[in-house]
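Report on the structure given below.
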Amino acid sequence: MENPFIIKSYESKELFCDREEELQLMLRNCINHSDMTLISQRRMGKTGLILRLFDELHDTRPDIHTIYLDIFSSRNIDDFIKLLAEAALKAFRQQTTIGDRLMNFIKSLRPQFTFDSITGDPQLQIAYQTAHEKEYTLKGLLDFLDSQNVHIVMAIDEFQQIREYPEQKMEALLRTYIQQTHHITFIFCGSKKHIMADIFANEKKPFYSSTAFISLDKITAESYSAFIKRLFNDNQRSITEEAVQFILEWTRRHTYYTQQLCHTVFANGAQAITIEDVKMACEQLMKQGEAVYLQYRQMLTDKQWNYLIAIAKETAVSQITASAFLSKYNIGTPSASRRLADALREKGLLNDEITLEGTSYNVSDVFLSHWMERL
Ligand SMILES: Nc1ncnc2c1ncn2[C@@H]1O[C@H](COP(=O)(O)OP(=O)(O)OP(=O)(O)O)[C@@H](O)[C@H]1O
Ligand SMILES: [Mg+2]
Numbered sequence: 000m001e002n003p004f005i006i007k008s009y010e011s012k013e014l015f016c017d018r019e020e021e022l023q024l025m026l027r028n029c030i031n032h033s034d035m036t037l038i039s040q041r042r043m044g045k046t047g048l049i050l051r052l053f054d055e056l057h058d059t060r061p062d063i064h065t066i067y068l069d070i071f072s073s074r075n076i077d078d079f080i081k082l083l084a085e086a087a088l089k090a091f092r093q094q095t096t097i098g099d100r101l102m103n104f105i106k107s108l109r110p111q112f113t114f115d116s117i118t119g120d121p122q123l124q125i126a127y128q129t130a131h132e133k134e135y136t137l138k139g140l141l142d143f144l145d146s147q148n149v150h151i152v153m154a155i156d157e158f159q160q161i162r163e164y165p166e167q168k169m170e171a172l173l174r175t176y177i178q179q180t181h182h183i184t185f186i187f188c189g190s191k192k193h194i195m196a197d198i199f200a201n202e203k204k205p206f207y208s209s210t211a212f213i214s215l216d217k218i219t220a221e222s223y224s225a226f227i228k229r230l231f232n233d234n235q236r237s238i239t240e241e242a243v244q245f246i247l248e249w250t251r252r253h254t255y256y257t258q259q260l261c262h263t264v265f266a267n268g269a270q271a272i273t274i275e276d277v278k279m280a281c282e283q284l285m286k287q288g289e290a291v292y293l294q295y296r297q298m299l300t301d302k303q304w305n306y307l308i309a310i311a312k313e314t315a316v317s318q319i320t321a322s323a324f325l326s327k328y329n330i331g332t333p334s335a336s337r338r339l340a341d342a343l344r345e346k347g348l349l350n351d352e353i354t355l356e357g358t359s360y361n362v363s364d365v366f367l368s369h370w371m372e373r374l
C-alpha cells in the first residue's frame, strides 16, 4: 500500500492538506494578473502550494498555461536563461504551435541543443555569448512568451538565488523585462525570508512594492487533524485522538515534520495506532537524524552549539537579550547573544519569527530541537 503522507514535492489534491484560503487568493491573483511573492519559513509548503495551484489551474482554467522553474541550482544569468528556456519548452511541449515556435526561436539563438535521452526533457546549452547578448536572449525569451496571446503563470522558486549571481544588474534587468510583459503573471517564491524581504520590500531595490505578499503560516490544528485521520482511515487504519494531538504538538504543526512523522507512523504498519506507536516513530526519527546533528556539532563553535541547545531547551525565545536567559545558559553579553543568533540564522539552523513581543527564535529543525532538549 502506498504511503499517503507525501514527503516529497506534491502529488494530488487528495494528499494535500488545506491551504484553501491561500489557494483561492492565489487563483484570484492569477486571474487578475497580479504578481505575487510567496514567503514562509523553510519547509512550510511553498513549493507544494505552487504545484497545488498549478494543478487547480489545469483543471479549472485550461486557457492559463503554467511554467515552473526552480533556480536553486543556478549560479549566473546563463544558468537562469537555460532553466527558463527548458521550463518553457517543457510547459509547451504538448502545445504544438507554441512549442514549435518556441523551439524555432531557441534554435535561432544558436545555442547547442540536446534532449535528455532518458526523460526526454529538454536540456539546453547556451555557450559563448557576450554579456549583452545574454541580456538580449533573456529579454527575447520573455518577449516571445509574452507575445503568444496566451495567459501564462510563471513561478520562479528559490528566487533569492539571483542575489548570488555575479551579474550585479540581474535584479534591475529582470524587473524591467517583467514590467514590460502583459500576459505573464509571476510568482516569486523563496525560502530565505530575509533576502526575499530585501528584494521585494526594500524601497531602494528594483522590485520594491511590485508584488502582493502571501505569507504561509502553519496549517490549523483542526484542518491538519481531520486530514491525518482521513488519510489513515482511508487506508484501513485507525488512530486515536490522543495520538493525533501528540503528532501535531510534537511537530509544532510544521508541515514537513508533521508529514514526516505521519509517514513514519504509517510505514511502521500498525493498524490501530496509539500514542505509543507515535512516540516510537519520534524516537526513530531522532535516531535517524543523529548523524546529521553530529555533523552540525563539528561545523559549529562550542558557543554556537550551546546556544542552539539553549534555544531548543526553551522551545522558543522571544527575548534573546533578557538577563534571565543570558545567565541561565551562560551566554554572556546581549550583543554576544545577538551575534550568535544571527550566525545561526545565517546557517539556517535558527528560525526567527516576528511577533508582537519582538523577534522569537526557535530551532528550525523540529526533530533536532527535540533531540537537543535531552542533552
Ligand atoms: N498542504 C500540505 N499537505 C501535505 N503535505 C504538504 C503540504 N504542503 C507541503 N507538504 C509537504 O511538506 C514538505 C515541505 O513542503 P515544501 O517543499 O512545499 O516546502 P517549502 O516551503 O517549499 O520548503 P523549502 O523552504 O525547503 O523550499 C514536502 O514534503 C511536501 O510534500
Ligand atoms: Mg520549496
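Residues in the sequence shown are numbered consecutively from 0, following numbering that gives the first Met the number 0. Note that beta-carbon positions come from the ideal geometry of N, C-alpha and C, so glycine has one too. It should be emphasised that the depicted structure is a prediction, and the values quoted were computed from it without experimental measurement.
Asked                                                                                                                      : Found
Asp364 CB to nearest heavy atom of ligand 2 below 7 Å                                                                      : no
Same chain only: Cβ atoms within 8 Å of Gly98, ignoring 5 sequence neighbours per side                                     : Leu88, Phe91 and Arg92
7 Å Cβ shell around Tyr9 - same chain, five flanking residues per side excluded                                            : Phe15, Gly47, Leu50 and Arg51
Alpha helix (DSSP H) segments (min. 4 residues) lying fully within the segment 23 to 74                                    : 45 to 59
heavy atom of ligand 1 below 7 Å from Tyr164 C-beta                                                                        : no
Residue nearest to Asp216 in terms of C-alpha spacing, selected from Met35, Lys45 and Cys29                                : Lys45
Within 6 Å of ligand 2: residues by beta-carbon to any heavy atom                                                          : Lys45, Thr46, Asp156 and Ser190
Backbone secondary structure at Met153 - three-state DSSP                                                                  : strand
Nearest-angstrom Cα separation, counted from Leu260 out to Lys81                                                           : 37 Å
Length of the line joining the Cα atoms of Lys228 and His32                                                                : 37 Å
beta-carbon Phe53 near ligand 1 non-hydrogen atom, thresh 7 Å                                                              : no
Check: Tyr328 C-beta below 7 Å from any heavy atom of ligand 1                                                             : no
beta-carbon Thr254 near ligand 1 non-hydrogen atom, thresh 7 Å                                                             : yes
Ranges of the alpha helix (DSSP H) found wholly within the segment 130 to 189, counting only runs of at least 4            : 130 to 145 and 169 to 178
For Pro61 and Glu85, the rounded distance between their alpha carbons                                                      : 21 Å
Option in Glu221, Leu367, Glu313 and Leu101 with minimal Cα separation from Tyr292                                         : Leu367
For Thr180 and Glu289, the rounded distance between their alpha carbons                                                    : 49 Å
Contact under 8 Å by Cβ, Arg174 with Pro205                                                                                : yes
Touching by the beta-carbon criterion (3+ pairs, under 8 Å), the segment 65 to 83 and the segment 146 to 163               : yes
Residue environment, Ala309, which counts as buried when at least 16 other CB atoms sit within 10 Å                        : buried
Beta-carbon proximity check, Val362 vs Leu307, cutoff 8 Å                                                                  : yes
Contact test: Met43 Cβ vs ligand 1 heavy atom, cutoff 7 Å                                                                  : yes
Those runs of the alpha helix (DSSP H) which lie wholly inside the segment 204 to 279 and span at least 4 residues         : 220 to 233, 240 to 249 and 254 to 267
Whole-Å CB distance - Ile186 paired with Val152, under 8 Å assumed                                                         : 7 Å
For Thr273 and Glu1, the rounded distance between their alpha carbons                                                      : 21 Å
Span separating the alpha-carbon of Ser359 from that of Lys168                                                             : 35 Å
Minimum Cβ-Cβ distance from Phe158 to chain B less than 8 Å                                                                : Absence of chain B from the displayed structure is noted, only one protein chain being present.
Integer Cβ distance of Thr36 from Ile213, believed to fall under 8 Å                                                       : 7 Å
For Arg344 and Arg139, the rounded distance between their alpha carbons                                                    : The question names Arg, yet the displayed sequence has Gly at residue 139. Straight-line Cα distance between these residues: approximately 39 Å.
Cut-off 6 Å between Cβ atoms - residues of its own chain near Val149, not counting five sequence neighbours on either side : His64
Closest residue to Thr59 among Cys29, Asp34 and Phe79 (Cα-Cα distance)                                                     : Cys29
Any non-hydrogen atom of ligand 1 closer than 7 Å to Lys89 Cβ                                                              : no
Close-in-space but distant-in-sequence residues of the same chain around Asp17 (CB under 8 Å, 5 per side omitted)          : Ile218, Thr219, Ser222, Tyr223 and Phe226
Between the CA atoms of Ile38 and Tyr207 - distance to the nearest angstrom                                                : 15 Å
Within 8 Å, strictly: CB atoms of Thr210 and Phe199                                                                        : yes
Straight-line Cα distance separating Met195 from Ser107                                                                    : 35 Å
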